[in-house]
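Heads up, the thing below is written out as structure tokens.
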Amino acid sequence: MSVEESLTDMQVVCFQSALLYTSSKGERRIRVHTLCLPVVNQLSDVYLGADVQAITGLLANMAVDRSISASLSDARDALVNAVIDSLSAYCSSVLTIQQPGLMAPASLRLFPLFILALLKQKAFQSKTSTRLDERIFTMCQVKSQPLVYFMLITHPNLYRIDNLTDEGALNIGDRMVPQPPILQLSVEKLNRDGAFLVDAGSVMFLWVGKNCGQNFISQVLGAPNYASIPHNMTHLPELNTAESSRVLAFIFWLREQRPFFPILYILKDESPWKPSFLQNMIEDRTESALSYYEFLLHIQQKMNK
Numbered sequence: 004m005s006v007e008e009s010l011t012d013m014q015v016v017c018f019q020s021a022l023l024y025t026s027s028k029g030e031r032r033i034r035v036h037t038l039c040l041p042v043v044n045q046l047s048d049v050y051l052g053a054d055v056q057a058i059t060g061l062l063a064n065m066a067v068d069r070s071i072s073a074s075l076s077d078a079r080d081a082l083v084n085a086v087i088d089s090l091s092a093y094c095s096s097v098l099t100i101q102q103p104g105l106m107a108p109a110s111l112r113l114f115p116l117f118i119l120a121l122l123k124q125k126a127f128q129s130k131t132s133t134r135l136d137e138r139i140f141t142m143c144q145v146k147s148q149p150l151v152y153f154m155l156i157t158h159p160n161l162y163r164i165d166n167l168t169d170e171g172a173l174n175i176g177d178r179m180v181p182q183p184p185i186l187q188l189s190v191e192k193l194n195r196d197g198a199f200l201v202d203a204g205s206v207m208f209l210w211v212g213k214n215c216g217q218n219f220i221s222q223v224l225g226a227p228n229y230a231s232i233p234h235n236m237t238h239l240p241e242l243n244t245a246e247s248s249r250v251l252a253f254i255f256w257l258r259e260q261r262p263f264f265p266i267l268y269i270l271k272d273e274s275p276w277k278p279s280f281l282q283n284m285i286e287d288r289t290e291s292a293l294s295y296y297e298f299l300l301h302i303q304q305k306m307n308k
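Numbering-wise (this note's numbering), the sequence shown opens with residue 4 and increments by one.
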């Protein structure tokens, strides 16, 4: 796409694309998308309006194409360079006073975190132990999932759900839906005294700590003790308890926000699914990837060169 006319006297510009297609019933149809955006004369306004999730989704799609046409290492380098280039341009063109540390506009403060999360996805992992079919499946998800679900897969939500209350709950119909806070994706936020839910879009993991309260184990899981929790448990029983009602209402509320049914894996410390649960802790260091803090230092060092 190119712009041939001057935009100096324009307040807004419009983009339009049309798709001509045949429906599953053999009907010819056309779908038109129109996007209207303001014209600004300051780079700071461009950064102010940046949509970090849309940028992440676009870069992920481009990285899949780069992995196929070039190499995985080229795709990974391109993702990192996107962070370096955008923040370097912000510091050199927008900031009037240079300050120490890694500076980013409010709209892009999560950009390094989302790119690190992409680098830790199986589609772009550098470790050789990643199975080819899993890598291809994740690439297909990147190319096909709507942005809202893609972002959940890339950067899941972590909740503690063994202490849910009605404080701040949503009143939906005839039920109260608890709203626990979203936690950072780090093992530092986990402890063996609680139960933690990871919502990763197409799948959910409920990790029950070894020292989790007996009240949660019996009133929500329906087990007499921790050792009795089945290893292959994939659904929660509907018990006539307040604790069970809160947990089920919250999980049902998460599920009904998407057009598919994410399976729930309930796991203990010795569960074979625990590595999959811990893989979502993207702020932590792994054998082949930096922690979030280390990644920020790496970005800052590259910008200072």
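Ideal Cβ placement from N, Cα and C applies to all residues, glycine included.
All of these numbers come straight from a predicted model, not from anything done at the bench.
Item                                                                                                                          : Value
Buried versus exposed call for S70 [16 or more other C-beta atoms within 10 Å across all chains shown]                        : buried
Among L82, S47, I118, nearest to A109 - alpha-carbon criterion                                                                : S47
V190 and D287 closer than 7 angstroms at C-beta                                                                               : yes
At least three beta-carbon pairs within less than 8 angstroms, the segment 32–49 to the segment 58–65                         : no
Residues of its chain near A107, where Cβ-Cβ distance is below 6 angstroms and the 5 sequence neighbours each way are ignored : L90
Spatially closest choice to L239 from S95, I269, V55, by CA coordinates                                                       : I269
Residue of R34, C143, T11 minimising C-alpha distance to L22                                                                  : R34
P181 vs F263 beta-carbon contact at 7 angstroms                                                                               : no
Inside the segment 113–156 only - alpha helix (DSSP H) runs reaching at least 4 residues                                      : 114–122, 135–147
Run of the alpha helix (DSSP H) containing M65, from where it starts to where it stops                                        : 55–72
Cα-Cα separation, R138 to S291                                                                                                : 16 angstroms
Exposure of F255, with buried meaning 16 or more beta-carbon neighbours within 10 Å                                           : exposed
Neighbourhood of L299 by C-beta, 7 angstroms cutoff - its chain only, sequence neighbours within 5 removed                    : L105, P115
Under the three-state DSSP convention, the category S291 falls into                                                           : coil
Paired residues, beta bridge with Q19 - DSSP                                                                                  : T37
Rounded distance between the beta-carbons of G212 and G225, thought under 8 angstroms                                         : That pair is no contact at about 18 angstroms.
Per DSSP, the bridge partner or partners of L198                                                                              : Position check: residue 198 holds Ala in this sequence, whereas Leu was assumed. Bridge partners of A198: V211.
Burial state of A57, where buried means 16 or more other Cβ atoms lie within 10 Å                                             : exposed
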